[in-house]
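>
Numbering (this note's numbering), first residue to last: 71 to 213.
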């Protein structure tokens, strides 16, 4: 019964985390389309609001996803299957992207120079492909 609750918590945290990351990617992409002079008070407000949401919902959801996932693996008592190891690598990449997006939004909100990372520029596509692969691996379990 505990495993089912952990699994539900893991999935709920994943949905919240990925939803928040997609918002972060969209806002970062939208803000990169304007020059520094074209930034408005509305854009600053959007950046501040998304950063608050990230700190209060998206980042805790990522942490909860990791904790629930690790507890499920440890409680299983066996070395994870290949599909799970691949899934963990994808989640690790998405976690790194989360950090890059957080830094990008922070720099934009505070007026600091923004670093141009290809991963951040293509964050939306990376997130979508990652979610598709994770879904296939978790449901089909091909290896």
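Cβ atoms here follow ideal geometry from the backbone N, Cα and C, with glycine treated the same way.
Kindly indicate which residue of 141, 99 and 116 has the alpha-carbon position closest to the one of residue 77.
For the purposes of this step, residue 77 is taken as residue 7 along the chain shown, with counting starting at 1. Cα-wise, what sits closest to residue 77 is 141.
> Do the stretch 94 to 103 and the stretch 140 to 155 meet, that is, are 3 or more Cβ pairs less than 8 Å apart?
No contact exists between the stretch 94 to 103 and the stretch 140 to 155.
> Taking Cβ positions, are residue 135 and residue 90 nearer each other than 8 Å?
If you number the chain shown from 1, residue 135 lands on position 65. If you number the chain shown from 1, residue 90 lands on position 20. No; because the gap between Cβ atoms is not below 8 Å, this pair is not in contact.
> Quick one: any contact between the stretch 153 to 160 and the stretch 188 to 206, if contact means 3 or more CB pairs under 8 Å?
Contact between the stretch 153 to 160 and the stretch 188 to 206 is present, because at least three Cβ pairs lie under 8 Å.
> Near residue 189, which residues of its chain fall below 7 Å by C-beta distance, leaving aside the five closest residues on each side in sequence?
Against the chain shown, residue 189 aligns to sequence position 119. Correct list, in chain order: 167, 170 and 196.
> Let me check understanding here. Comparing Cα to Cα, which of 192, 200 and 151 lies closest to residue 211?
By 1-based counting over the chain shown, the position of residue 211 is 141. Comparing Cα-Cα distances from residue 211 to each of 192, 200 and 151, the minimum goes to 151.
> Starting from residue 130 and walking both ways along the alpha helix (DSSP H), at which residues does that stretch end?
Against the chain shown, residue 130 aligns to sequence position 60. Taken as a continuous stretch (DSSP letters only), the alpha helix (DSSP H) holding residue 130 covers 129 to 146.
> If you draw a straight line from the C-alpha of residue 127 to the C-alpha of residue 146, how long is it?
Position 57 of the chain shown, counted from the first residue, corresponds to residue 127. Position 76 of the chain shown, counted from the first residue, corresponds to residue 146. Looking at the two C-alpha atoms, the distance is approximately 28 Å.
> Taking the CB atoms as reference points, tell me whether residue 114 and residue 179 lie closer together than 8 Å.
For the purposes of this step, residue 114 is identified with residue 44 of the chain shown, where counting begins at 1. For the purposes of this step, residue 179 is identified with residue 109 of the chain shown, where counting begins at 1. Result yes, Cβ atoms of residue 114 and residue 179 sit closer than 8 Å.
> Going by alpha carbons, who is nearest to residue 185 out of 194, 174, 193 and 122?
The residue given as residue 185 occupies position 115 in the chain shown. Among 194, 174, 193 and 122, the Cα nearest to that of residue 185 is on 174.
> Counting only beta-carbon atoms, is residue 128 nearer than 8 Å to chain D?
Note that chain D does not occur in the displayed structure, where there is just one protein chain.
> Of the choices 183, 181 and 129, whose alpha-carbon is the least far from that of residue 86?
The residue you call residue 86 lines up with position 16 of the chain shown. Nearest C-alpha to residue 86: 129.
> Return the CA-CA distance between residue 194 and residue 182, expressed in angstroms with no decimal places.
As a position in the chain shown, residue 194 is number 124, starting the count at 1. As a position in the chain shown, residue 182 is number 112, starting the count at 1. Roughly 23 Å separates the two Cα atoms.
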